[in-house]
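Undergrad:
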Amino acid sequence: MSHDSGKNDSLIKIALNLTTACLISSVILSGVYFITAPYAAANDTKRKEKAMQAVIEDVPNKEFALKLSPNDWGIIPIENKPGWYKATMKADGKVIAYIVPAASKGYSSVVSMIIAVSPEGKLLNFKVVSQAETPGLGDKFYEPKFYQQFPGKKPEDLVVVKEPTDKNIQAMTGATITTRAIAKGIREAAEEVIVYMKETQNK
């Protein structure tokens, strides 16, 4: 009887110790999150702002680069379009580009991007913000030979082909599925921008 009672006391103590440890851990984790969450959010905002700035300023094909000073233009959210922005000249408010999210399913992941579309409906640039494609194959989208094909293209030109062409998009070697995903995501987002521009012009 006393032996069983001792075992029960030991089990109760272990349970209490585990409960106490869990509570302490929860308090510590909550405290860490409370302290670090604002910094993480601020860093995410800064990364987003840098990506949006880069998608305008770092156009890989210089023929279509806007050649702007960072002080000449700014980014404004578009009302009722979450994640959509327009880049405008500070001097006169003229729209120089629409910056919107794009995404499409690739070979092994969703490829998420932001794109910049000119008021003429042509792609200026794109930046991949997240992906988990095959290393060394599907993640080669920033190689100049591939990346420089996109600026200046209209949505209907974003068709993936295997042979070199000035009009369409030549697939990355060994990564046709990823290439198609990038082209599809950009094309669909650019088409949405064009529809939006037509709607706003008609108002």
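Just so it is clear: in the sequence shown, position 84 is 84 by the UniProt record's numbering, and no numbers are missing. For each residue, glycine too, the CB sits at the ideal point set by N, CA and C.
Does the distance from the C-beta atom of T88 to that of I76 stay below 8 Å?
TA: yes
Undergrad: When we look at the beta-carbon of T178 and count the other beta-carbons within 10 Å, is it buried (16 or more) or exposed?
TA: T178 comes out buried.
Undergrad: Just to confirm the assignment: which complete beta strand (DSSP E) runs, minimum length 3, are found wholly within the segment 36 to 100?
TA: 73 to 77, 85 to 89
Undergrad: Tell me the rounded alpha-carbon separation between Y39 and E49.
TA: Low local confidence applies: a pLDDT of 42 at Y39 is under 50, so the model's placement there is unreliable, with the coordinate-based value given in what follows. Cα to Cα, the separation comes out at about 15 Å.
Undergrad: Whole alpha helix (DSSP H) runs in the segment 131 to 160 with 4 or more residues, listed along the chain?
TA: Whole alpha helix (DSSP H) segments, 4+ residues: 144 to 147.
Undergrad: So, with DSSP's three-state summary, where would you put S112?
TA: strand
Undergrad: Counting along the chain, where does the alpha helix (DSSP H) carrying L176 start and finish?
TA: First, the amino acid is wrong: residue 176 is Thr here, not Leu. First-last of the alpha helix (DSSP H) with T176: 176 to 201.
Undergrad: Can you name, in chain order, every residue of its own chain whose Cβ lies under 8 Å from the Cβ of K86, other than the five neighbours on each side?
TA: I75, I76, I78, V95, A97, Y98, I99
Undergrad: Apart from the five residues just before and just after K90, which ones in its own chain have a Cβ nearer than 7 Å to its Cβ?
TA: D72, W73, G74
Undergrad: Would you say W84 lies against chain C (beta-carbon separation less than 8 Å)?
TA: Among the chains in the structure shown there is no chain C, since it carries only a single protein chain.
Undergrad: Please list, in chain order, all residues of the same chain as A37 whose beta carbon is under 6 Å from its beta carbon, the five residues on each side excluded.
TA: Caution is warranted here: a pLDDT of 44 is assigned to A37, below 50, making its placement in the model unreliable, and no coordinate value can be reported.
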